[in-house]
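Student: Chains as they are written, first to last, in the numbering used here: chain G, 38 to 160; chain A, 38 to 160.
Quick reminder that beta carbons are idealized off the backbone N, C-alpha and C, glycines included.
Here it is, the structure in full.
2 protein chains.
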Amino acid sequence: MQNRQAITILAALAQESRLAVYRLLIEHAPEGLAPSAIAEKLGLANATLSFHLKELSHAGLVSSRQSGRFIYYAPVIETMDELVGYLTDHCCSQSAGTCATAAARCAPGKRPAAATRRRRASA
Amino acid sequence: MQNRQAITILAALAQESRLAVYRLLIEHAPEGLAPSAIAEKLGLANATLSFHLKELSHAGLVSSRQSGRFIYYAPVIETMDELVGYLTDHCCSQSAGTCATAAARCAPGKRPAAATRRRRASA
DNA sequence: TCCACATTTCCATAATGATGGAATTATAAA
DNA sequence: TTTATAATTCCATCATTATGGAAATGTGGA
Chain G
38 MQNRQAITIL AALAQESRLA VYRLLIEHAP EGLAPSAIAE KLGLANATLS FHLKELSHAG
98 LVSSRQSGRF IYYAPVIETM DELVGYLTDH CCSQSAGTCA TAAARCAPGK RPAAATRRRR
158 ASA
Chain A
38 MQNRQAITIL AALAQESRLA VYRLLIEHAP EGLAPSAIAE KLGLANATLS FHLKELSHAG
98 LVSSRQSGRF IYYAPVIETM DELVGYLTDH CCSQSAGTCA TAAARCAPGK RPAAATRRRR
158 ASA
């Protein structure tokens with residue numbers, strides 16, 4: 038994941054209403070929710086919600102599909118996964134051991150460890 | 038971790054210069070770097086860098102210690118770890134299986150799994 | 001077609017964030 | 001104490017983001 042993309046995703050999540058929308062969609066994954074339902078649950082104006090959904094979409098955090106008169110927004114888990122991967126990579130220093138807890142979170146063997154991947158990429 | 042705090046941390050990272058500063062500090066963990074060195078490496082004006090360091094400090098992402106005429110800024114890994122924990126928690130839906138990849142990242146047994154912890158907290 | 005409703009776009013406004021020059025504060029060496 | 005360097009604060013400016021009413025667009029049913 039590129040820096041630029043990580044910033045876009047982080048910025049999309051770094052806003053109260055948007056984080057609330059995303060978390061609500063997570064609770065309703067994988068079907069998702071229509072804007073009307075989201076607006077009602079969170080008390081957001083139509084235009085405001087539409088703005089935030091566009092931001093989340095643009096960041097790749099949610100997808101949408103039309104169904105009849107409704108558009109269902111659902112979270113894109115892969116994007117969150119990539120963000121977590123990015124953070125894990127860049128929270129771990131090249132010199133090992135500076136990030137024990139975060140590193141421990143990574144299941145060894147499931148995928149290359151963070152530092153290893155970065156070393157391979159830049160070498 | 039509270040919503041509010043997560044937003045503060047996400048917002049701190051969601052900015053090109055600040056993310057660059059943080060990543061630079063990660064490369065120089067755990068000693069850290071002085072603002073003069075950071076400013077030179079990243080080409081930032083003193084005032085601008087100071088502003089960004091304050092944001093990172095306020096979010097708990099960096100700490101500082103004085104040493105002679107210099108102040109060394111170093112990353113606080115625990116904060117990143119908590120952020121990753123928060124994201125992992127809220128990227129995993131209550132209904133299992135919707136977040137396989139991100140969940141797989143968590144070493145089972147190292148700490149309670151994300152969904153489990155949330156269920157326990159809200160129940 | 002016409003209507004009802006869902007959603008988005010348009011637009012103006014308000015709020016927040018980023019930037020850096022200049023002045024100020026802090027620390028240590030001469 | 002004087003001087004040099006490090007870092008922060010002050011402040012003005014510019015840029016971006018958030019908000020929501022009103023109008024426009026899209027969709028399916030009558």
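1. Taking the alpha-carbon positions, what's the G:LEU124 to A:GLY69 distance?
2. When the Cα atoms are used, what is the spatial distance from G:VAL113 to A:ALA48?
3. Going along the chain, which residues of the segment 43-72 of chain G sit with their C-beta nearer than 9 Å to a C-beta in chain A?
4. Go ahead and label G:GLU77 buried or exposed: buried means 16 or more other beta carbons lie within 10 angstroms of its beta carbon, across all protein chains shown.
5. Less than 7 Å between C-beta atoms, sequence neighbours within five positions excluded: which residues of the same chain meet that for A:ALA111?
6. Against chain G, does A:THR85 count as a neighbour if the rule is that its beta carbon must be under 8 Å from one of theirs?
7. Could you work out which residue in G:LEU120, G:ASN83 and G:ARG41 is closest to A:GLN52 when comparing CA atoms only?
8. Mind pulling the chain G residues with CB within less than 8 Å of A:LEU11?
9. Indicate whether A:LEU79 and A:SER104 have their beta-carbon atoms separated by less than 8 Å.
10. Measure the alpha-carbon distance for A:PHE88 versus G:LEU90 and round it to whole angstroms.
11. Quick check on G:ARG102: does DSSP put it in helix, strand or coil?
12. Excluding sequence positions up to five away, which residues of its chain have a Cβ less than 7 Å from the Cβ of A:LEU93?
13. What three-state label does DSSP hand A:PRO112 in the structure shown?
14. Using only the alpha-carbon positions, how far apart do A:THR45 and G:ARG106 sit?
15. Using a Cβ-Cβ cut-off of 7 Å (strictly less than) and excluding sequence neighbours within five positions of A:TYR109, which residues of its own chain qualify?
16. Can you give me the Cβ contacts of G:ALA84 inside the same chain, cut-off strictly under 7 Å, excluding the 5 residues immediately before and after it?
17. Ends of the alpha helix (DSSP H) at A:HIS95?
18. Cα separation between G:ILE75 and G:HIS127?
Tutor: By the coordinates alone:
1. Position 87 of the first sequence, counted from the first residue, corresponds to residue 124 of chain G. Position 32 of the second sequence, counted from the first residue, corresponds to residue 69 of chain A. CA-to-CA, the gap between G:LEU124 and A:GLY69 works out to about 19 Å.
2. Locating residue 113 of chain G in the first sequence gives position 76, where the first residue counts as 1. Locating residue 48 of chain A in the second sequence gives position 11, where the first residue counts as 1. Whole-angstrom Cα-Cα distance: 21 Å.
3. If the cut-off is 9 Å between Cβ atoms, the segment 43-72 of chain G has ALA43, ILE44, THR45, ILE46, LEU47, ALA48, ALA49, LEU50, ALA51, GLN52, GLU53, LEU56, ALA57, TYR59, ARG60, ILE63, GLU64, HIS65, ALA66 and PRO67 near chain A.
4. The count along the first sequence starts at 1 and reaches residue 77 of chain G at position 40. Under the 10 Å beta carbon count, G:GLU77 is surrounded by fewer than 16 other beta carbons and is classified as exposed.
5. Residue 111 of chain A sits at position 74 when you count from the first residue of the second sequence. If we look at A:ALA111 and ignore the five residues flanking it on each side, its Cβ neighbours are LEU62, ALA66, PRO67, GLU68, GLY69, VAL99 and SER100.
6. Translated into positions along the second sequence, residue 85 of chain A becomes position 48. Chain G has no Cβ within less than 8 Å of the Cβ of A:THR85.
7. One-based indexing of the second sequence puts residue 52 of chain A at position 15. Each of G:LEU120, G:ASN83 and G:ARG41 was checked against the Cα of A:GLN52, and the nearest Cα belongs to G:ARG41.
8. Outside the shown range of chain A (38 to 160) lies residue 11 of chain A, about which nothing can therefore be said.
9. Translated into the one-based positions of the second sequence, residue 79 of chain A becomes position 42. Translated into the one-based positions of the second sequence, residue 104 of chain A becomes position 67. A:SER104 is positioned such that its CB atom lies no closer than 8 Å to that of A:LEU79.
10. Taking the second sequence and counting its residues from 1, the one referred to as residue 88 of chain A is at position 51. Taking the first sequence and counting its residues from 1, the one referred to as residue 90 of chain G is at position 53. Computed Cα separation, rounded: 30 Å.
11. Position 65 of the first sequence, counting from 1, holds the residue named residue 102 of chain G. Look at G:ARG102 here: in three-state DSSP terms it is strand.
12. On the second sequence, position 56 is the one that residue 93 of chain A refers to. Closer than 7 Å at Cβ, skipping near neighbours: ALA49, ARG55, VAL58, TYR59 and VAL99.
13. Taking the first residue of the second sequence as position 1, residue 112 of chain A is located at position 75. Look at A:PRO112 here: in three-state DSSP terms it is strand.
14. In the second sequence, the residue the question calls residue 45 of chain A occupies position 8. In the first sequence, the residue the question calls residue 106 of chain G occupies position 69. The C-alpha of A:THR45 lies about 37 Å from the C-alpha of G:ARG106.
15. Position 72 of the second sequence, counted from the first residue, corresponds to residue 109 of chain A. Excluding positions up to five away in sequence, the list reads GLU68, GLY69, LEU70, ALA71, SER101 and ARG102.
16. Stepping through the first sequence from its first residue, residue 84 of chain G is reached at position 47. Within the same chain, no Cβ atom closer than 7 Å to the Cβ of G:ALA84 is found once the five residues on either side in sequence are excluded.
17. On the second sequence, residue 95 of chain A is found 58 positions in, with the first residue counted as 1. Start and end: 83-95.
18. Here residue 75 of chain G refers to the residue found at position 38 when the first sequence is read from its first residue. Here residue 127 of chain G refers to the residue found at position 90 when the first sequence is read from its first residue. So the two alpha carbons sit approximately 34 Å from each other.
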